[in-house]
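Enquirer:
2 protein chains.
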Amino acid sequence: MLRIGKLTDYGLVVLNQLALVGAVKQSTDDIAQATGLTVPTVRKVMKAIVDAGLVIAQRGSKGGYRIAVAPAQISVLDVVQAFEGPISLTECSADDNQCEITESCSLSSNWTGINDLLLRVLRDITLDDIRHPEVQDTLHHQIVDQLQRIQLVNL
Amino acid sequence: MLRIGKLTDYGLVVLNQLALVGAVKQSTDDIAQATGLTVPTVRKVMKAIVDAGLVIAQRGSKGGYRIAVAPAQISVLDVVQAFEGPISLTECSADDNQCEITESCSLSSNWTGINDLLLRVLRDITLDDIRHPEVQDTLHHQIVDQLQRIQLVNL
DNA sequence: TAATACCCTACCAAATTAGTATGGTATTAC
DNA sequence: GTAATACCATACTAATTTGGTAGGGTATTA
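So the sequence lines, in the order shown, correspond to chains A and B. According to this note's numbering, the first sequence is numbered sequentially starting from 144. According to this note's numbering, the second sequence is numbered sequentially starting from 144.
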């Protein structure tokens, strides 16, 4: 139903927690306790955001995780892609494989445009925005206002 | 992976086909042949868009389907919702059920804003836009241009 | 009354996702 | 150099969702 995965959501929660404590390293257990997530789930989440370069992991005693990038530099798109790979609304626009319904498929390729718009929106919203609801509200209204001013060419 | 379902895509293809012939009624077989989809799949697609009121069905001999609304009045959002129900990126923002991680969930509620933006974009693009790629390109550029002019408040 | 063509429900198989378990490896402290 | 800490990698299971299919029912028209 056009949903993002739960893990993506968890990822945002964890990043928020890491942003909260700044440079202080936190272990898996710390994070689990702070967020209310289970330890195994946190582990899974950490792998994704470490691989994406959003978080730095240090092993061994005295190890732990700390955020690698300033919250204002982490976009929602970064997080979504860390968990769900490259975004593409349809198979057509993503892979290079041809779809079966060749004749009608020229139409489907238009999803690409919608896809780009979605990417743009997700890229323009940062972890910092998310963390401050009142700021995010303002941002939200700004974008909606702009969209409302757009005259559709064919109407 | 933040995908729309194949059926939704098919729905758009079928609606395009119906729009092509205007007021002429088409049977399931006609549509299947014209689009390259299988008959059972077309049946499933038709149910969704008939229920959504986008297409009118007439039974009996001489029956068939015809488009119920002008293509310029059918938004991509209409089609997506016909197949995938109300759009909500997270469970939190959709249902009234409480999520388990209570403390951190205030953060998750910010998905709502992103959700609204997505709805807005999908609602502003019509079947007519989709059918004319060059028009849709223009539209696309317009929206992206507007988005680019937005200054994020916290940067 | 028979032919046409939509309608409804249910079923099956494949893919995806969430959650869990387990053994391995790097770093630090003593 | 050994033990404790804590991250790492892989794999497995169960639940959910999705796509595709089947079969019998009902309305309309000739």
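Idealized CB from N, CA, C, for every residue including glycine. Computed from a prediction, not measured in an experiment: that's the story for all the values here.
How many angstroms separate the CA atom of residue 216 (chain B) from the CA atom of residue 227 (chain A)?
Expert: About 33 Å.
Enquirer: Cβ atoms of residue 150 (chain A) and residue 193 (chain A): under 8 Å apart, would you say?
Expert: Not a contact, by the Cβ cut-off of 8 Å.
Enquirer: Tell me, please, which residues DSSP counts as bridged to residue 198 (chain B).
Expert: The partner list for residue 198 (chain B) (beta bridge, DSSP) reads B:210.
Enquirer: Drop a sphere of 10 angstroms on the beta-carbon of residue 229 (chain B), count the other beta-carbons inside from all chains shown, and report buried for 16 or more, exposed for fewer.
Expert: That one is exposed.
Enquirer: Would the beta-carbon of residue 178 (chain A) fall within 8 Å of that of residue 201 (chain A)?
Expert: Cβ distance not < 8 Å, so residue 178 (chain A) and residue 201 (chain A) don't count as in contact.
Enquirer: For residue 181 (chain A), count neighbouring C-beta atoms within 10 Å of its own C-beta (all shown protein chains included) and say buried if the count is 16 or more, exposed if not.
Expert: By the neighbour-count rule (16 or more Cβ atoms within 10 Å), residue 181 (chain A) is not buried but exposed.
Enquirer: How about residue 186 (chain A) and residue 199 (chain A): do their beta carbons lie closer than 8 Å?
Expert: No, they are not a contact pair.
Enquirer: At a CB-CB cut-off below 8 Å, which residues of chain B make contact with residue 264 (chain A)?
Expert: Neighbours of residue 264 (chain A) on chain B, chain order: 257, 260, 261, 264 and 290.
Enquirer: Do you know offhand how far residue 204 (chain A)'s Cα is from residue 270 (chain B)'s?
Expert: Looking at the two C-alpha atoms, the distance is approximately 59 Å.
Enquirer: With burial defined as no fewer than 16 other Cβ atoms inside 10 Å of the residue's Cβ, what is the status of residue 214 (chain B): buried or exposed?
Expert: It counts as buried.
Enquirer: Is it right to say residue 156 (chain B) is buried, meaning 16 or more other beta carbons lie within 10 angstroms of its own, or is it exposed?
Expert: Label assigned to residue 156 (chain B): buried.
Enquirer: Given a threshold of 16 other Cβ atoms within 10 Å of its Cβ, counted over all protein chains shown, does residue 165 (chain A) qualify as buried or as exposed?
Expert: Its Cβ having fewer than 16 others within 10 Å, residue 165 (chain A) is exposed.
Enquirer: Can the beta-carbon of residue 162 (chain A) be found closer than 8 Å to that of residue 263 (chain A)?
Expert: Going by C-beta atoms, residue 162 (chain A) is not nearer than 8 Å to residue 263 (chain A).
Enquirer: Return no unless some Cβ of chain A is closer than 8 Å to the Cβ of residue 146 (chain B).
Expert: Chain A contact via Cβ: present.
Enquirer: So residue 266 (chain B) packs on residue 231 (chain B), CB below 8 Å; how close in whole Å?
Expert: Not quite, the Cβ-Cβ distance comes to about 15 Å (not below 8 Å), so this is no contact.
Enquirer: Would a check of beta-carbon distances place residue 219 (chain B) closer than 8 Å to chain A?
Expert: Yes - at least one Cβ of chain A is within 8 Å of the one on residue 219 (chain B).
Enquirer: Could you tell me if residue 172 (chain B) is buried or exposed, where buried requires 16 or more neighbouring beta carbons within 10 angstroms of its beta carbon?
Expert: By the neighbour-count rule (16 or more Cβ atoms within 10 Å), residue 172 (chain B) is not buried but exposed.
Enquirer: Out of B:220, B:256 and B:258, state which residue places its alpha-carbon closest to the alpha-carbon of residue 152 (chain B).
Expert: When each option's Cα is compared against that of residue 152 (chain B), the closest is B:220.
Enquirer: Between residue 223 (chain B) and chain A, is the shortest Cβ-Cβ distance under 8 Å, so that the two count as touching?
Expert: Answer yes: the Cβ-Cβ gap between residue 223 (chain B) and chain A drops below 8 Å somewhere.
Enquirer: Report yes if the CB atom of residue 207 (chain A) is closer than 8 Å to the CB atom of residue 176 (chain A), and no otherwise.
Expert: No. Outside cutoff.
Enquirer: Mind checking if residue 230 (chain B) is an interface residue toward chain A, Cβ cutoff 8 Å exclusive?
Expert: Cβ-Cβ to chain A under 8 Å: yes for residue 230 (chain B).
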